[in-house]
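Number of protein chains: 4
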Amino acid sequence: MGGIVGGMTTDHEEHPGPHGYSGDKAALLGRLRRIEGQIRGLQRMVDEDTYCIDVLTQISAAKSALHAVAVGLLEDHLAHCVVDAARAGDPSAKVKEASDAIARLVRS
Amino acid sequence: MGGIVGGMTTDHEEHPGPHGYSGDKAALLGRLRRIEGQIRGLQRMVDEDTYCIDVLTQISAAKSALHAVAVGLLEDHLAHCVVDAARAGDPSAKVKEASDAIARLVRS
Amino acid sequence: MGGIVGGMTTDHEEHPGPHGYSGDKAALLGRLRRIEGQIRGLQRMVDEDTYCIDVLTQISAAKSALHAVAVGLLEDHLAHCVVDAARAGDPSAKVKEASDAIARLVRS
Amino acid sequence: MGGIVGGMTTDHEEHPGPHGYSGDKAALLGRLRRIEGQIRGLQRMVDEDTYCIDVLTQISAAKSALHAVAVGLLEDHLAHCVVDAARAGDPSAKVKEASDAIARLVRS
Numbered sequence: 012m013g014g015i016v017g018g019m020t021t022d023h024e025e026h027p028g029p030h031g032y033s034g035d036k037a038a039l040l041g042r043l044r045r046i047e048g049q050i051r052g053l054q055r056m057v058d059e060d061t062y063c064i065d066v067l068t069q070i071s072a073a074k075s076a077l078h079a080v081a082v083g084l085l086e087d088h089l090a091h092c093v094v095d096a097a098r099a100g101d102p103s104a105k106v107k108e109a110s111d112a113i114a115r116l117v118r119s
Numbered sequence: 012m013g014g015i016v017g018g019m020t021t022d023h024e025e026h027p028g029p030h031g032y033s034g035d036k037a038a039l040l041g042r043l044r045r046i047e048g049q050i051r052g053l054q055r056m057v058d059e060d061t062y063c064i065d066v067l068t069q070i071s072a073a074k075s076a077l078h079a080v081a082v083g084l085l086e087d088h089l090a091h092c093v094v095d096a097a098r099a100g101d102p103s104a105k106v107k108e109a110s111d112a113i114a115r116l117v118r119s
Numbered sequence: 012m013g014g015i016v017g018g019m020t021t022d023h024e025e026h027p028g029p030h031g032y033s034g035d036k037a038a039l040l041g042r043l044r045r046i047e048g049q050i051r052g053l054q055r056m057v058d059e060d061t062y063c064i065d066v067l068t069q070i071s072a073a074k075s076a077l078h079a080v081a082v083g084l085l086e087d088h089l090a091h092c093v094v095d096a097a098r099a100g101d102p103s104a105k106v107k108e109a110s111d112a113i114a115r116l117v118r119s
Numbered sequence: 012m013g014g015i016v017g018g019m020t021t022d023h024e025e026h027p028g029p030h031g032y033s034g035d036k037a038a039l040l041g042r043l044r045r046i047e048g049q050i051r052g053l054q055r056m057v058d059e060d061t062y063c064i065d066v067l068t069q070i071s072a073a074k075s076a077l078h079a080v081a082v083g084l085l086e087d088h089l090a091h092c093v094v095d096a097a098r099a100g101d102p103s104a105k106v107k108e109a110s111d112a113i114a115r116l117v118r119s
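Protein chains in written order, with this note's numbering: chain F, 12 to 119; chain A, 12 to 119; chain W, 12 to 119; chain G, 12 to 119.
Structure, rendered in structure tokens:
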């Protein structure tokens with residue numbers, strides 16, 4: 012996870028964009044491109060009649076990679092949106108939004 | 012979720028205990044006692060040779076109930092520990108702790 | 012997992028009960044009793060105002076233990092119900108039932 | 012799910028390929044291409060600084076779509092590999108392989 016948000020959690024005053032992950036946008040995009048490559052690899056495996064247990068192993072890997080991106084985004088959201096809202100006054104809406112996103116992620 | 016933390020997210024100055032969920036401790040304990048009942052129900056089902064697909068359905072229900080408790084605790088943690096830390100100065104340790112807990116929950 | 016179904020997957024002709032897990036019923040009940048103990052431990056933690064991140068870690072542990080029981084039951088179901096149905100003729104209903112249970116488990 | 016394996020679970024003698032999903036390969040590839048489109052959509056969202064909660068919602072959707080593919084492949088695996096092995100003699104290796112894949116999927 013550290014790769015995505017490492018610099019930002021300790022340096023959260025400097026993010027240039029409105030939503031916090033801009034500073035690590037390149038790293039995040041790199042992760043998503045690797046996941047896209049995994050999904051294309053899955054298509055190739057299906058196309059070549061790869062044994063389905065091996066396809067399932069690759070699906071589990073892609074799912075784990077998506078999780079890592081999601082947890083990184085959540086950490087970033089907490090470090091920026093929730094923290095900024097707490098300092099500005101009432102963070103309850105941001106907190107609710109974050110925990111709803113966590114609930115969706117856990118169940119999806 | 013609202014049941015656990017409803018009053019606290021909008022009223023986070025008043026929680027009496029050190030960890031935030033004290034105000035809704037009764038509701039949280041009630042949820043955990045219902046889950047304990049579900050686990051005892053599972054033992055009864057196994058003991059009576061209930062069809063295993065029905066046992067699995069009950070396991071999924073218990074798992075969902077555990078998730079609901081976990082997401083409620085996380086919301087509470089964000090609303091109290093993270094928000095308090097943000098106001099006091101540096102929330103980065105609390106944010107990291109929360110996102111590590113989210114990562115463990117998603118993978119468990 | 013092996014503990015639950017170990018003997019049965021290699022010896023699936025001998026299970027005495029109608030649903031396959033009877034032979035390992037004692038092991039399965041032991042697992043469920045340990046999970047019940049984990050849930051009671053969670054109640055104690057909440058009652059004693061344990062730091063919520065530690066409660067969440069214990070919830071993740073209970074969830075993992077429930078998963079292990081579920082996967083063991085599924086393996087048992089495949090080794091008995093699906094296999095028996097395949098030998099008797101048309102297993103498609105048993106297969107559908109098993110994959111529906113897997114889908115519920117993955118999403119719960 | 013039905014879309015992937017519908018015809019095959021009721022007609023499992025006719026699949027042309029060695030691993031069972033060949034008959035529905037086109038449908039399965041279509042699903043994977045839609046998931047690839049979701050991942051590219053995620054890159055666009057990050058690139059355009061979309062609010063991270065909305066990115067997380069899209070990640071949950073992609074994860075659900077991956078789950079649907081995985082459960083469909085598992086159903087197919089049960090309907091073909093496990094059933095064929097049961098009829099040929101000893102299905103225990105296929106059963107173990109399937110339940111290990113389920114365990115990986117549930118934890119990933």
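The beta carbon of each residue, even a glycine, is placed where N, CA and C say it ideally should be.
Given the structure is predicted, the values throughout are model-derived calculations rather than measurements.
Contact annotation, residue 63 of chain G with residue 101 of chain F: C-beta distance approximately 20 Å; criterion of less than 8 Å not satisfied. Look at the beta carbons and you see the stretch 37-50 of chain A not touching the stretch 69-77 of chain F: under three pairs across the two are nearer than 8 Å. Along the stretch 77-107 of chain A, the positions whose C-beta sits under 8 Å from a C-beta of chain W are 77, 78, 80, 81, 84, 85, 87, 88, 92, read in chain order.
Using a CB distance cut-off of 9 Å, residue 42 of chain A does not count as an interface residue toward chain F. One alpha carbon belongs to residue 91 of chain G, the other to residue 59 of chain F, and they sit about 18 Å apart. Rounded to whole angstroms, the gap between the alpha carbons of residue 105 of chain W and residue 69 of chain W is 35 Å. Around residue 57 of chain G, the same chain offers 66 as residues with beta carbons nearer than 8 Å, after the five sequence neighbours per side are excluded. One alpha carbon belongs to residue 119 of chain G, the other to residue 97 of chain F, and they sit about 33 Å apart. Under the 9 Å criterion on CB atoms, residue 116 of chain W is classed as interfacial with respect to chain G. Residue contact with chain W for residue 75 of chain G: present (Cβ-Cβ distance below 9 Å to some residue of chain W).
For residue 68 of chain G, the uninterrupted alpha helix (DSSP H) segment begins and ends at 63-88. Between residue 39 of chain G and residue 110 of chain W a beta carbon distance of about 15 Å is seen, past the 8 Å cut, so the two are scored as non-contacting. Here DSSP, grouped into helix, strand and coil, assigns residue 119 of chain W to coil. Note that the C-beta distance between residue 79 of chain A and residue 116 of chain A is not below 9 Å.
Against chain W, the CB of residue 110 of chain G has a partner CB under 9 Å away; the residue lies at that interface. Residue 52 of chain G sits in a helix when the DSSP states are folded into three classes.
Taking 9 Å as the upper bound on Cβ-Cβ separation, chain G lies near no residue of the stretch 52-74 of chain W.
The CB of residue 113 of chain G comes closer than 7 Å to the CB of 82, 85, 113 in chain W, given here in chain order. Judged by DSSP in its simplified three-state form, residue 108 of chain G adopts helix.
If you compare the alpha carbons of A/55, A/36, A/41 with that of residue 41 of chain W, the shortest gap goes to A/55. Annotation: the continuous alpha helix (DSSP H) that includes residue 94 of chain A extends over 94-99. Distance from residue 89 of chain A to residue 93 of chain F at the Cβ level is roughly 6 Å; contact confirmed, criterion being Cβ atoms closer than 8 Å.
With fewer than 16 other Cβ atoms inside 10 Å of its own Cβ, residue 37 of chain A counts as exposed. The C-alpha of residue 107 of chain G lies about 15 Å from the C-alpha of residue 113 of chain W.
Excluding five sequence positions before and after residue 53 of chain W, the CB atoms of its chain that fall closer than 8 Å to its own CB belong to 66, 69, 70, 73, given in chain order. Here the C-alpha atom of residue 61 of chain F lies approximately 22 Å from the C-alpha atom of residue 99 of chain G. For the pair residue 51 of chain A and residue 50 of chain G, the Cα-to-Cα distance works out to about 42 Å.
Between the alpha carbons of residue 35 of chain F and residue 35 of chain W lies a distance of about 51 Å.
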